[in-house]
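What follows is one structure encoded as structure tokens, with my remarks underneath.
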Amino acid sequence: MDFSFTEEQLMLQDVARRIAQEKIAPSAEHHDRTGEFPLDNIRLLGENGLMGIEVPTEYGGAGMDPVAYVLAMVEVAAADAAHSTIMSVNNSLFCNGILTHGTEQQKQTYVRAIAEGTAIGAFALTEPQSGSDATAMRCRAVKQADGTFVINGKKSWITSGPVAKYIVLFAMSEPDKGARGITAFIIDTDKAGFGRGKTEPKLGIRASATCEIEFNDYVAQAEDVLGQEGEGFKIAMSVLDAGRIGIASQAIGIARAAYEATLEYVKERKAFGAAIGTFQMTQAKIADMKCKLDAALLLTLRAAWVKGQGKRFSTEAAVAKLTASEAAMWITHQAVQIHGGMGYSKEMPLERYFRDAKITEIYEGTSEIQRLVIARNETGLR
């Protein structure tokens, strides 16, 4: 088994690391404190191929594979999780969905702008009354005699919603069919009938703008349908599988940053006349942090590799996302604990890592949902 990376993968990782360290990390505290959307940095990521890593070059992307995506995401997330959230939505949820299910015209029209970083994409599935239970959605798309759809309803917790130019939306077009009545649409937010609510104040990833969006007689054309009518639920689930690899990568980046900061701290911090890294209790925590971090990375790379082989990767993605997100929460918790009062202070980034890590257990499917996905895939039972 070859655990090495290709020259191209390492080159992209190096580009991501350079931008992360030189541009993103220095402004991370500012963006966390103010919640300001990092538009200039996102454009820079786009200019360097990082907003469309798996997008073919003919559509403005880097034309790389899922493993390269993981490597780049980890670097960006280690500098600032909010930037990696924006990057993940553009790559995994928006571009991936259209590349997999869209027409040639849709790929040329929407994917290029997102991949090049000149526009921001979003993914709208969750509603105020339906999160994990996507089939309970109330957003309606009523087909008209001329083939258009009139859309009404709300979507909540939409990452990049306040700034998105295009959104992949899921709406119920045939309510009596349940999951088979959901259709996916590509929404242009400049068109009449689209509105945005207030930007949500959040525990973490604060520079990743999130809001509620609303549709009031928004008219979608027939060519705005993504895939076929009634395929929306299937599209959403397949896209979320890819998204889980992105969130696992994000969790690893956050955890790595906390781990590396802790390694330095335990060598420098003295107590009772010795570096605290010499204490067995501290050493045990460091060892456990390292094991959890490496396990999460290897499982995520496995999921990315399976995806890159064109095989079904639902279980691998869920395993990676569950393992990495829970590892990130545990590692950042221990990092704060080892740092003591300094870990609780905003003078250091540990408390930000801790806050940012929590969302990885929630979006793209909660930890509870990941366990259901894994168990159902393994047993074949529903």
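All letters in the sequence shown, in the order written, are residues 1434 to 1815 by our numbering.
In this text, a Cβ means the ideal position worked out from N, Cα and C, and glycines have one as well.
None of these values were measured; they are calculated from a predicted model.
Looking at residue i: is its Cβ nearer than 8 Å to the Cβ of residue j?
i        : j        : result
Ala-1429 : Ala-1720 : The structure shown does not extend to residue 1429, since the chain is modelled only from 1434 through 1815, so no value can be given for it.
His-1534 : Ile-1668 : yes
Met-1484 : Asn-1529 : no
Ala-1753 : Ala-1790 : no
Ile-1584 : Tyr-1651 : yes
Thr-1793 : Ser-1758 : yes
Lys-1588 : Ala-1617 : no
Gln-1446 : Ala-1505 : yes
Gln-1539 : Leu-1659 : yes
Tyr-1786 : Ile-1638 : no
Val-1488 : Ala-1449 : no
Ala-1501 : Gln-1442 : yes
Tyr-1692 : Met-1722 : yes
Glu-1801 : Gly-1676 : no
Ile-1600 : Ile-1620 : yes
Leu-1478 : Met-1520 : yes
Ser-1682 : Ala-1510 : yes
Lys-1700 : Gly-1710 : yes
Pro-1499 : Lys-1740 : yes
Val-1522 : Thr-1592 : yes
Thr-1559 : Trp-1590 : yes
Gly-1663 : Arg-1613 : yes
Ala-1642 : Gly-1611 : no
Gly-1901 : Phe-1648 : Outside the displayed range of the chain (1434 to 1815) lies residue 1901, so it cannot be described from this structure.
Ile-1685 : Leu-1726 : yes
Asn-1481 : Ile-1452 : yes
Thr-1622 : Ala-1597 : yes
Ala-1604 : Ala-1574 : yes
Please list the terminal residues of the continuous beta strand (DSSP E) segment that includes residue i.
i        : result
Phe-1556 : 1554 to 1557
Cys-1644 : 1643 to 1653
What would DSSP say about residue i, mapped onto helix, strand or coil?
i        : result
Phe-1483 : Here residue 1483 is Leu; the residue named in the question, Phe, does not match the sequence. Here Leu-1483 sits in coil by DSSP.
Glu-1417 : Beyond the ends of the chain as shown, which are 1434 and 1815, falls residue 1417; an answer cannot be given.
Lys-1587 : strand
Lys-1576 : strand
Arg-1451 : helix
Lys-1718 : helix
Thr-1632 : strand
Thr-1581 : coil
Val-1658 : strand
Ser-1778 : coil
Ser-1525 : helix
Ala-1495 : coil
Ala-1640 : coil
Gln-1742 : coil
Glu-1508 : helix
Pro-1608 : helix
Thr-1551 : coil
Glu-1797 : coil
Arg-1476 : helix
Asp-1435 : coil
Val-1488 : coil
Arg-1815 : coil
Arg-1545 : helix
Arg-1613 : helix
Arg-1735 : helix
Taking the alpha helix (DSSP H) that residue i belongs to, which residues open and close that run?
i        : result
Arg-1677 : 1665 to 1701
Ser-1747 : 1747 to 1772
Arg-1804 : 1800 to 1812
Ala-1594 : Going by the sequence as given, residue 1594 is Gly instead of Ala. Note, Gly-1594: premise wrong, no alpha helix (DSSP H); not H, not E.
Lys-1540 : From DSSP, Lys-1540 is part of no alpha helix (DSSP H); its letter is neither H nor E.
Pro-1459 : 1458 to 1467
Thr-1518 : 1514 to 1521
Ile-1531 : 1529 to 1534
Tyr-1786 : 1783 to 1791
Is the shortest distance between the beta-carbon of residue i and the beta-carbons of chain B less than 8 Å?
i        : result
Tyr-1599 : Within the model displayed, chain B is absent; a lone protein chain is all it includes.
Mind checking who residue i pairs with in its DSSP beta bridge?
i        : result
Val-1601 : Phe-1556, Ile-1619
Ala-1704 : Ala-1707
Phe-1627 : Phe-1648
Ser-1563 : Glu-1560
Tell me whether residue i, by its Cβ, gets closer than 7 Å to a heavy atom of the ligand ADP.
i        : result
Gly-1550 : Among the components of this structure there are no ligands whatsoever, and the ligand ADP is therefore not found.
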